[in-house]
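Top to bottom, those sequences are chains A and L.
Using the numbering used here, the first residue of the first sequence is number 57, and each one after it goes up by one.
Using the numbering used here, the first residue of the second sequence is number 57, and each one after it goes up by one.
Just so you know, even glycine gets a beta-carbon here, dropped at the ideal spot from N, CA and C.
Because the structure is a prediction, the values reported are computed rather than measured.
For reference, the structure discussed in these notes is given below.
Protein chains: 2
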Amino acid sequence: MRMSEGVEWALHTCANLAWVEPGDAVPAARLAAVFGLPAAYLNKQLQALARAGILTSTSGPRGGFRLARAPEAISALDVVVAIEGAEDAFRCARILADSPWGDPAVDYRATCAISQTMRRAELAWRRELAGQSIADIVGAVERRNPGTGERLRRWLTAARA
Amino acid sequence: MRMSEGVEWALHTCANLAWVEPGDAVPAARLAAVFGLPAAYLNKQLQALARAGILTSTSGPRGGFRLARAPEAISALDVVVAIEGAEDAFRCARILADSPWGDPAVDYRATCAISQTMRRAELAWRRELAGQSIADIVGAVERRNPGTGERLRRWLTAARA
DNA sequence: GCTTGATTACTCGGATAAGCTTTGTCCGAGTTGAAACGG
DNA sequence: CCGTTTCAACTCGGACAAAGCTTATCCGAGTAATCAAGC
Numbered sequence: 057m058r059m060s061e062g063v064e065w066a067l068h069t070c071a072n073l074a075w076v077e078p079g080d081a082v083p084a085a086r087l088a089a090v091f092g093l094p095a096a097y098l099n100k101q102l103q104a105l106a107r108a109g110i111l112t113s114t115s116g117p118r119g120g121f122r123l124a125r126a127p128e129a130i131s132a133l134d135v136v137v138a139i140e141g142a143e144d145a146f147r148c149a150r151i152l153a154d155s156p157w158g159d160p161a162v163d164y165r166a167t168c169a170i171s172q173t174m175r176r177a178e179l180a181w182r183r184e185l186a187g188q189s190i191a192d193i194v195g196a197v198e199r200r201n202p203g204t205g206e207r208l209r210r211w212l213t214a215a216r217a
Numbered sequence: 057m058r059m060s061e062g063v064e065w066a067l068h069t070c071a072n073l074a075w076v077e078p079g080d081a082v083p084a085a086r087l088a089a090v091f092g093l094p095a096a097y098l099n100k101q102l103q104a105l106a107r108a109g110i111l112t113s114t115s116g117p118r119g120g121f122r123l124a125r126a127p128e129a130i131s132a133l134d135v136v137v138a139i140e141g142a143e144d145a146f147r148c149a150r151i152l153a154d155s156p157w158g159d160p161a162v163d164y165r166a167t168c169a170i171s172q173t174m175r176r177a178e179l180a181w182r183r184e185l186a187g188q189s190i191a192d193i194v195g196a197v198e199r200r201n202p203g204t205g206e207r208l209r210r211w212l213t214a215a216r217a
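Next up, the structure:
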């Protein structure tokens, strides 16, 4: 079980965008340059975030991406779901239905004890992620390393008018 | 992010083995027949469980797999780790180190706020799974469907001497 | 100087390949039980 | 009838292929700022 690397990029990029002025859009290429990431591929991930309503995108000169809403209103879970999809990692294939005494009419996703156990664990995971917002993350970083936001904002908007 | 289907097979199979007499070994082919699974592939998964010390394997006639210890002492997490590996789903690639002001000497897996957030969520997931044993699962099934164990035990040992 | 129009550079967006993990299959090594044989 | 030897079937175990998903790249459509020309 391996989470897409795009999740890490997306979370870091959302945090970066939380630092720039709300009105300013930053191109994917510049956001990628922060970490030396392949620009086109990061762009693809940001597209997913835009489709999920986390970012808004603008084409043309002075275009780019910006947060669609306040950092307080974007949870880590929102970002993970946008990249990885909403489906659970564990997918009950209802193999109980294939056993000699299995009933094809029963929805084993709801009754199978194993499925329930796995689901409970995933819910705990989701709850934890839902409780952390981009604002929380940004705040923690600023508290540990004061000045990070200011430095990043300047770097991201350096070559701008 | 998708969990291997082998996890589901392994959990169900461990539950099934918990129902047979502790001394009896059941071949992979028979365990696979319960759910109509590809025998050779299930065998592969059970090998992983054996390497992890969850099952013991015996070759030759009347051989097969059996639980290496009491169902109470096998957690769902043990099984998941045996199949999926011990690594976290989210792997911090320390991309912060590649930023213009990143320090290659810093271990960003420990300090990065995003990495910590993801890690907390995974710990919650693991805690939940560690709290559920095979015995718990088997008990829940027997409580909901009394007689399941007896029926399965007979089916698994049907063609035996 | 101001308005208007064409132009140009810039940005996202989706379509298109390469790499890697997961899934699935196969045959060989080892072991056990049983059968055959001899005493 | 009992012990010994041979044999044959059975089972795991790891090596070998196919499929699907993740990662990566490219070029086209659209857009907004810019520049030039005309008023």
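- For A132(L), at least one C-beta of chain A is nearer than 8 Å to its own C-beta.
- Interface flag for S115(L) against chain A is unset, since no Cβ pair is found closer than 8 Å.
- Taking all protein chains shown into account, V162(L) has fewer than 16 neighbouring C-beta atoms within 10 Å of its C-beta and is therefore exposed.
- For V82(A), the secondary structure class from DSSP, reduced to helix, strand or coil, is strand.
- Residue pairing by DSSP puts R122(L) in a beta bridge opposite T112(L).
- Taking the beta carbon of Q188(A) as reference, the chain L residues within 7 Å of it are T173, listed in sequence order.
- Looking only at A89(A), A214(A), L133(A) and E140(A), the smallest Cα-Cα distance to I170(L) is reached by L133(A).
- Taking each of Q101(A), D154(A) and M57(A) in turn and checking the Cα distance to F121(A), the smallest one comes out for Q101(A).
- Taking 8 Å as the upper bound for CB-CB distance, L67(A) and L123(A) are not in contact here, some 13 Å apart.
- Using a Cβ-Cβ cut-off of 8 Å, I170(L) counts as an interface residue toward chain A, since at least one Cβ of chain A sits closer than that to its own.
- The Cβ atoms of V197(L) and E140(L) do not sit closer than 8 Å to each other.
- Across the set A104(L), R176(L) and P78(L), the C-alpha of P78(L) shows the shortest separation from the C-alpha of R209(L).
- Judged by DSSP secondary structure, E184(L) falls within the alpha helix (DSSP H) whose first and last residues are A169 to A186.
- The C-alpha of V135(L) lies about 8 Å from the C-alpha of I110(L).
- The alpha-carbon of R183(L) is positioned some 19 Å away from that of R147(L).
- In the DSSP assignment, E128(A) falls outside any alpha helix (DSSP H) and carries neither an H nor an E.
- Counting along the chain, no alpha helix (DSSP H) covers I151(A), and no H or E run does either.
- For the region 198–217 of chain A, residues whose beta-carbon sits nearer than 8 Å to a beta-carbon of chain L comprise R200, R207 and W211.
- Residue pairing by DSSP puts S189(L) in a beta bridge opposite S131(L).
- A check of alpha carbon separations from G119(A) across I151(A), P83(A), T69(A) and A129(A) identifies P83(A) as the nearest.
- Under the 8 Å criterion on CB atoms, F121(L) is classed as non-interfacial with respect to chain A.
- Put simply, the region 87–95 of chain L does not touch the region 148–156 of chain L. Fewer than three CB pairs are less than 8 Å apart.
- Looking at the backbone, the Cα of T69(A) and that of D144(L) are separated by about 21 Å.
- P127(A) and A88(A) have their C-alpha atoms spaced approximately 20 Å apart.
- For A145(L), no alpha helix (DSSP H) segment is defined, and its DSSP state is neither H nor E.
- For A104(L) against S113(L), the beta-carbon gap comes to about 11 Å, at or over 8 Å, which does not count as contact.
- A direct Cα-to-Cα measurement between G116(L) and A81(L) gives close to 11 Å.
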